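**Q**
Number of protein chains: 2
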Amino acid sequence: MIYLMTESALVPEGSIPLDDGSAVLTGLHAQVLDLIGLAICAGELASGSVMRIEELEERYGVSRSVVREAIRVLASMGMVASRRRVGVQVLAASEWNLYDPQVIRWRLASPGRIAQLRSLTELRTAIEPEAARLAAIRAPLANASELMGLAGKLWAAGQANDAEGFLVLDIEFHRLVLSSSGNEMFAKLNTLVAEVLTGRTHYGLMPRHPHDEALQSHVDVASAIQRGNADDAHASMLGIMQRAFDEMSSIWEHGSPAA
Amino acid sequence: MIYLMTESALVPEGSIPLDDGSAVLTGLHAQVLDLIGLAICAGELASGSVMRIEELEERYGVSRSVVREAIRVLASMGMVASRRRVGVQVLAASEWNLYDPQVIRWRLASPGRIAQLRSLTELRTAIEPEAARLAAIRAPLANASELMGLAGKLWAAGQANDAEGFLVLDIEFHRLVLSSSGNEMFAKLNTLVAEVLTGRTHYGLMPRHPHDEALQSHVDVASAIQRGNADDAHASMLGIMQRAFDEMSSIWEHGSPAA
DNA sequence: GGGTTGAATACGTATGATTTATTAAGTAAC
DNA sequence: GTTACTTAATAAATCATACGTATTCAACCC
Numbered sequence: 001m002i003y004l005m006t007e008s009a010l011v012p013e014g015s016i017p018l019d020d021g022s023a024v025l026t027g028l029h030a031q032v033l034d035l036i037g038l039a040i041c042a043g044e045l046a047s048g049s050v051m052r053i054e055e056l057e058e059r060y061g062v063s064r065s066v067v068r069e070a071i072r073v074l075a076s077m078g079m080v081a082s083r084r085r086v087g088v089q090v091l092a093a094s095e096w097n098l099y100d101p102q103v104i105r106w107r108l109a110s111p112g113r114i115a116q117l118r119s120l121t122e123l124r125t126a127i128e129p130e131a132a133r134l135a136a137i138r139a140p141l142a143n144a145s146e147l148m149g150l151a152g153k154l155w156a157a158g159q160a161n162d163a164e165g166f167l168v169l170d171i172e173f174h175r176l177v178l179s180s181s182g183n184e185m186f187a188k189l190n191t192l193v194a195e196v197l198t199g200r201t202h203y204g205l206m207p208r209h210p211h212d213e214a215l216q217s218h219v220d221v222a223s224a225i226q227r228g229n230a231d232d233a234h235a236s237m238l239g240i241m242q243r244a245f246d247e248m249s250s251i252w253e254h255g256s257p258a259a
Numbered sequence: 001m002i003y004l005m006t007e008s009a010l011v012p013e014g015s016i017p018l019d020d021g022s023a024v025l026t027g028l029h030a031q032v033l034d035l036i037g038l039a040i041c042a043g044e045l046a047s048g049s050v051m052r053i054e055e056l057e058e059r060y061g062v063s064r065s066v067v068r069e070a071i072r073v074l075a076s077m078g079m080v081a082s083r084r085r086v087g088v089q090v091l092a093a094s095e096w097n098l099y100d101p102q103v104i105r106w107r108l109a110s111p112g113r114i115a116q117l118r119s120l121t122e123l124r125t126a127i128e129p130e131a132a133r134l135a136a137i138r139a140p141l142a143n144a145s146e147l148m149g150l151a152g153k154l155w156a157a158g159q160a161n162d163a164e165g166f167l168v169l170d171i172e173f174h175r176l177v178l179s180s181s182g183n184e185m186f187a188k189l190n191t192l193v194a195e196v197l198t199g200r201t202h203y204g205l206m207p208r209h210p211h212d213e214a215l216q217s218h219v220d221v222a223s224a225i226q227r228g229n230a231d232d233a234h235a236s237m238l239g240i241m242q243r244a245f246d247e248m249s250s251i252w253e254h255g256s257p258a259a
């Protein structure tokens with residue numbers, strides 16, 4: 001039997017994000033959902049295996065309603081399917097909603113996170129240069145100025161070897177580019193990008209010291225957006241992406257971060 | 001009070017896709033979820049408005065568990081948040097999981113679908129050329145051959161003015177390119193692309209007769225992938241995307257499909 | 001006026017009863 | 001032996017109800 005935390009008086013139900021990227025799960029429903037989701041993504045509950053509601057009630061020591069609600073959410077994520085007279089069946093990974101923020105977090109917390117970071121980085125290579133191009137065309141002046149400011153601070157944090165500060169600024173920079181694209185679908189990928197940046201930093205897939213060219217490219221992106229030069233913005237962002245991909249590749253092929 | 005269909009003996013719980021793209025919703029849970037989700041996307045339930053569980057029970061004539069499970073799913077999609085002593089609050093559209101297939105379907109069924117098709121088409125412009133590039137590098141020979149076959153049939157269907165046949169083949173062509181990219185994140189966008197292609201056809205945002213260049217571009221993409229020429233595959237797919245975007249733009253600016 | 005207390009409220013959780021779809025075994029007919 | 005039909009077992013789906021618990025709001029006191 002797995003014991004779960006009871007409600008605290010401090011926070012509303014659901015998940016409350018913490019500064020370090022983790023979160024407190026309040027409410028039995030959210031906790032059970034998290035445990036089952038993690039177990040599936042980690043492969044502990046293999047594709048095809050079935051479980052009964054009653055079995056889950058006992059395992060987690062919660063009531064039917066809590067389990068059922070968690071199962072419904074997992075079903076809407078394509079992770080399980082529940083069928084009468086059979087039980088709750090774990091579906092193949094090809095069925096999962098890989099763009100669901102919760103699924104992304106579960107997979108990044110599982111073995112196989114490296115392969116996922118590779119997929120996500122490839123996705124970024126397609127998205128972010130195009131977002132930068134659109135931002136150069138559509139971004140309000142205020143956003144462009146803020147991007148310039150962020151690029152400056154990012155440069156400073158890189159020079160000062162301030163890894164944590166760098167990460168926060170980097171996330172904010174890319175978030176602002178995505179939202180400045182004026183396209184809701186691009187903007188929605190900001191959580192995905194933030195998870196990738198956090199993940200590659202925490203799992204040692206970044207060079208210990210950011211390369212000067214990477215820092216300069218961020219300035220170039222911001223400057224191109226401010227000038228309204230779409231092609232330059234695209235090219236500079238593409239440079240950032242390719243460098244990020246190469247850095248990750250070389251590190252996971254050689255084992256440890258380069259200097 | 002809204003009356004819902006009772007279970008039929010023909011199909012399992014959940015949603016069963018139909019040939020025409022629609023689906024039968026079996027199970028009270030799925031029906032209630034669909035009704036509320038649609039109402040929110042259509043703007044009938046405005047952002048910020050609150051409803052009580054009991055109120056929803058009465059409106060749909062179902063029990064508490066059914067309503068609660070639907071609400072939990074909507075909460076995981078970022079569409080509502082339920083807070084004690086307040087009720088269930090509809091969240092702003094900026095919080096919704098726009099990549100959830102169900103959310104995409106609800107939004108395409110709502111007014112404002114044109115704006116969404118525009119966003120989605122812009123997203124395709126970023127994704128599909130890159131997917132074609134990767135497919136040229138990674139696609140198994142069998143996939144490349146199948147793409148060539150599809151491109152041929154697509155060309156024939158276009159010449160024959162067979163709109164329905166064209167749509168089916170077009171969906172299959174783009175699905176195969178995405179999955180041949182070898183990237184799970186790209187592959188997962190096949191439902192999104194299928195929805196866009198279906199939507200723009202059914203809402204009259206396609207030219208009545210496919211342009212010859214568009215048909216030729218599909219052949220070019222398939223051929224480039226088979227030759228392993230990444231840059232050509234990228235360029236040809238980009239051509240398809242830009243033409244699609246321009247066609248949609250000109251139609252919704254002038255009102256009716258061009259010849 | 002500001003902080004504290006307390007009651008009202010609506011969600012959260014637990015549980016038992018009942019219904020319904022589905023599977024699989026058993027049976028009869030061919 | 002295979003097919004078709006019937007029946008029983010099973011587990012999810014639904015309903016109904018009770019109780020627990022956080023949050024809000026207002027009355028109250030200092």
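Chain order of the listed sequences is A and B. Numbering of the first sequence is given in our numbering, commencing with residue 1 and proceeding in unit increments. Numbering of the second sequence is given in our numbering, commencing with residue 1 and proceeding in unit increments. A virtual CB, placed ideally from N, CA and C, is assigned to each residue, including glycine. Just so we're clear, the structure is a prediction, and the values are computed from it rather than from any experiment.
Considering Cα atoms alone, identify which of B:TYR99, B:ALA93 and B:SER47 is closest to A:SER76.
**A** Residue B:TYR99 is the option with its Cα nearest to A:SER76.
**Q** Going straight from the alpha carbon of A:VAL221 to that of B:LEU123, what length do you get?
**A** Roughly 20 Å separates the two Cα atoms.
**Q** Skipping 5 residues on each side, what residues in its chain have a beta carbon closer than 8 Å to that of B:SER22?
**A** Confidence in B:SER22 is poor, its pLDDT being 49 and thus under 50, which makes the residue's placement unreliable; the coordinate value appears in the next sentence. Closer than 8 Å at Cβ, skipping near neighbours: no residue.
**Q** Does the CB of B:SER249 have a neighbour CB from chain A at under 8 Å?
**A** So, not an interface residue.
**Q** Hey, could you find the ends of the beta strand (DSSP E) A:ALA160 is sitting in?
**A** No beta strand (DSSP E) holds A:ALA160; DSSP gives it neither H nor E.
**Q** Excluding the five sequence neighbours on either side, which residues of its own chain have a C-beta within less than 6 Å of the C-beta of A:ARG175, listed in chain order?
**A** Answer for A:ARG175: ASN190, listed in chain order.
**Q** Can a CB atom of chain B be found closer than 8 Å to the CB of A:TYR99?
**A** Taking Cβ atoms only, chain B reaches closer than 8 Å to A:TYR99, which makes this a yes.
**Q** Could you spell out where the beta strand (DSSP E) holding B:ARG83 opens and where it closes?
**A** 80-83 is the span of the beta strand (DSSP E), which, as asked, contains B:ARG83.
**Q** Counting Cβ pairs, one atom from each stretch, are 3 or more of them under 8 Å apart for the segment 147-156 of chain B and the segment 215-235 of chain B?
**A** Touching, yes, given that three or more Cβ pairs across the two stretches are closer than 8 Å.
**Q** Reducing DSSP to helix, strand and coil, say where A:GLY182 ends up.
**A** A:GLY182 falls in the coil class under three-state DSSP.
**Q** In whole angstroms, what is the alpha-carbon distance linking A:VAL88 and B:GLY27?
**A** Near 16 Å, if we compare the C-alpha coordinates of B:GLY27 and A:VAL88.
**Q** I need the DSSP call for B:MET51, collapsed to helix, strand or coil.
**A** Three-state result, B:MET51: strand.
**Q** Count the other CB atoms, across all protein chains shown, that sit within 10 Å of the CB of B:GLU247; report buried if there are 16 or more and exposed otherwise.
**A** Under this definition B:GLU247 is a buried residue.
**Q** Quick one, which of A:GLU44, A:VAL90 and A:GLY43 has its alpha-carbon nearest A:ILE53's?
**A** Considering only alpha carbons, the answer is A:VAL90.
**Q** In the structure shown, what three-state DSSP assignment does A:SER62 receive?
**A** Residue identity check: residue 62 of chain A is Val in the sequence provided, not Ser. Correct three-state label for A:VAL62: coil.
**Q** Quick check on B:MET241: buried or exposed, where buried means 16 or more other Cβ atoms within 10 Å of its Cβ?
**A** Looking at its Cβ environment, which holds 16 or more other Cβ atoms inside 10 Å, B:MET241 is buried.
**Q** Is the shortest distance between the beta-carbon of A:THR125 and the beta-carbons of chain B less than 8 Å?
**A** It does: the Cβ of A:THR125 has a partner Cβ on chain B nearer than 8 Å.
**Q** Closest to B:LYS188 by C-alpha separation, out of A:ALA157, A:CYS41, A:TRP96 and A:LYS153, would be which residue?
**A** Answer by Cα proximity: A:TRP96.
**Q** Are there 16 or more other CB atoms within 10 angstroms of the CB of A:GLN102, so buried, or fewer, so exposed?
**A** The residue in question, A:GLN102, is buried, as its Cβ has 16 or more Cβ neighbours within 10 Å.
**Q** Thinking C-alpha only, which one of A:VAL32, A:ASN143, A:GLU57 and A:ALA93 is nearest A:CYS41?
**A** The residue with the shortest Cα to Cα distance from A:CYS41 is A:ALA93.
**Q** Could you list the residues in the segment 132-154 of chain B with a C-beta less than 7 Å from some C-beta on chain A, going in chain order?
**A** Against chain A - using a Cβ distance shorter than 7 Å - the segment 132-154 of chain B contributes no residues.
**Q** Where does A:VAL196 fall in DSSP's three states?
**A** Reduced to three states, the DSSP call for A:VAL196 is helix.
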